[in-house]
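In our numbering, the protein residues as written are 9 to 340. Below you'll find the structure, written out as structure tokens, and then a few comments.
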Amino acid sequence: MKKLFLSILLLTLISNSYSLSFASARQNEADKENTPQLRLTFFKEMEAIYQIPWYYIAAIDQFERNIQPVRKDIPEKKGLIAIYFPGEKWAGFLHPNYEDTNPGRIQFFAGFGEDGDGDGKADRNNDTDVLVAYLSYLSRYGNTEENIIKALNDYYRNETTTKIISEMAAIYRTFNTLELYQRVFPVPKWNNYSYRSTWGDARGWGGVRIHEGTDIFAGYGTPVRSVSYGYIEILGWNKFGGWRIGIRDTNNIYYYYAHLTGFKKELKEGDVVKPGDVIGYVGSSGYGSPGTQGKFPPHLHFGMYKYNGRNEWAFDPTPYLRIWERNSKKNK
Ligand SMILES: [Zn+2]
């Protein structure tokens, strides 16, 4: 029974891999626009075989794509699938040759590598082999959300990474697409507002901290919108940020909206939002115990952070704000 299933699986993979290797060969050139659809199709086919939800497969692949440009020790993997196996992981730590592609020997040395497309080689640069290897690993844990989370914790040995991948999966599940690139300015353009680059300025409260964000000055109650598709990771009080919201997108950005006068009614941690959704209102909360406000003029403090699988750091949002502001004016 298992043999029959495996040969059907193999046949499916062989027929898939033809079109997929064709796709990855071309994808560096003019075919970029098709890439998200090809990926989505690939993930859904893999879901049918391995019973791992496609949105988890998408989140893992995108997570690896996100961290490669911000990590010196991981190369940027080319091709349709970004998941990267170092040689020792692929071939097996005790394997004398980390570049071996022989599936039998790799299995003997307990490497992750598998021959997914049936060409007799387990090649860590082959999209199908890579995805099959990762999904075989996951499916050994089972296919419930709890099983997947356990498998991810064991794989990355980092609970923040697992949490971020799960959040990305929730976003993909909600919107049923990989194309979540749209961004908007956080304050609707018909409101009066002003901002300038305040990156790195000294801050007035709470000791020596530099200003990690851009302040957008606007009146009390001005709507604050999510700039991106995202997952509400944090919503509540912080003594510095006051009533604040933290939203993570699928492209390695965490957005921080602070000093709000209040939140959009019924919005809560774990919710998924899209660009333009109102999440709260401009205020002057913060710099004290819960409810403190009025210690400075009302404004939205807007921060942006990146993550590399180990730590998170802030960068200047101002250039991005200028682009989104221009685009919002063009479109509406
Ligand atoms: Zn600020």
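Glycine included, every Cβ here is placed at the ideal spot set by N, Cα and C.
Ligand 1 heavy atoms versus the CB of residue i: any closer than 7 Å?
i: residue 324; result: no
i: residue 221; result: yes
i: residue 309; result: yes
Given that a residue counts as buried once 16 or more other Cβ atoms are within 10 Å of its Cβ, and exposed if not, what is residue i?
i: residue 108; result: buried
i: residue 70; result: buried
i: residue 260; result: buried
i: residue 81; result: exposed
i: residue 152; result: exposed
i: residue 251; result: buried
i: residue 184; result: exposed
i: residue 88; result: buried
i: residue 38; result: For residue 38, the pLDDT reaches just 42, beneath the cut-off of 50, and the residue's location in the model is therefore unreliable, although a value from the coordinates is still provided. By the neighbour-count rule (16 or more Cβ atoms within 10 Å), residue 38 is not buried but exposed.
i: residue 2; result: Examination of residue 2 is not possible in this model, given that the chain is present from 9 through 340 alone.
i: residue 85; result: buried
i: residue 294; result: buried
i: residue 132; result: buried
i: residue 200; result: exposed
i: residue 100; result: buried
Can you tell me the Cβ-Cβ gap for residue i and residue j, rounded? I've got them flagged as a contact below 8 Å.
i: residue 238; j: residue 286; result: So it is not a contact: roughly 14 Å between Cβ atoms.
i: residue 186; j: residue 48; result: 5 Å
i: residue 325; j: residue 310; result: 6 Å
i: residue 166; j: residue 317; result: 7 Å
i: residue 290; j: residue 230; result: 4 Å
Between the Cα of residue i and the Cα atoms of the options, which residue gives the shortest distance?
i: residue 240; options: 174, 299 and 303; result: 174
i: residue 98; options: 140, 127 and 80; result: 140
i: residue 61; options: 311, 306, 157 and 252; result: 157
i: residue 288; options: 271, 299 and 188; result: 271
i: residue 300; options: 325, 324 and 249; result: 249
i: residue 118; options: 319, 284 and 144; result: 144
i: residue 57; options: 169, 91, 84 and 136; result: 136
i: residue 247; options: 91, 104, 180 and 268; result: 268
i: residue 263; options: 315, 121, 168 and 63; result: 315
i: residue 255; options: 290, 313, 330 and 67; result: 313
i: residue 182; options: 46, 292 and 279; result: 279
i: residue 180; options: 54, 68 and 320; result: 68
i: residue 5; options: 303, 266, 329 and 54; result: Within the shown structure, residues of the chain are numbered from 9 to 340, placing residue 5 beyond reach of any answer.
i: residue 142; options: 319, 163, 128 and 127; result: 163
i: residue 233; options: 206, 275 and 245; result: 275
i: residue 54; options: 66, 106 and 94; result: 66
i: residue 168; options: 335, 323, 319 and 74; result: 319
i: residue 273; options: 243, 296 and 334; result: 243
Closer than 6 Å by C-beta to residue i: which residues in its own chain qualify, once you throw out the five before and the five after it? Chain order, please.
i: residue 217; result: 211
i: residue 225; result: 202 and 307
i: residue 34; result: With a pLDDT of 44 at residue 34, under the threshold of 50, the modelled position of that residue is not reliable, and the figure given next carries that caveat. So no residue of the chain qualifies.
i: residue 188; result: 237 and 258
i: residue 130; result: 109, 111, 114, 121, 122, 123 and 137
i: residue 29; result: Below a pLDDT of 50, predicted positions are generally treated as unreliable, and residue 29, at 47, falls in that range; no measurement from the model is reported.
i: residue 74; result: 260
i: residue 277; result: 240 and 243
Give every residue of the same chain whose Cβ lies closer than 7 Å to the Cβ of residue i, excluding the five residues on either side of it in the sequence, and list them in chain order.
i: residue 208; result: 218 and 219
i: residue 332; result: 191, 192, 193 and 235
i: residue 337; result: 197
i: residue 148; result: none
i: residue 358; result: Residue 358 is absent from the model: the chain starts at 9 and stops at 340.
i: residue 78; result: 314 and 316
i: residue 298; result: 245
i: residue 206; result: 219, 222 and 223
Quick one: residues in its chain with C-beta nearer than 8 Å to the C-beta of residue i, no 5 flanking neighbours on either side, listed in chain order?
i: residue 103; result: 96, 113, 114, 117 and 119
i: residue 292; result: 228, 250, 267, 269, 301, 302, 303, 304, 305, 306 and 307
i: residue 91; result: 68, 69, 72, 85, 138, 139 and 142
i: residue 59; result: 147 and 151
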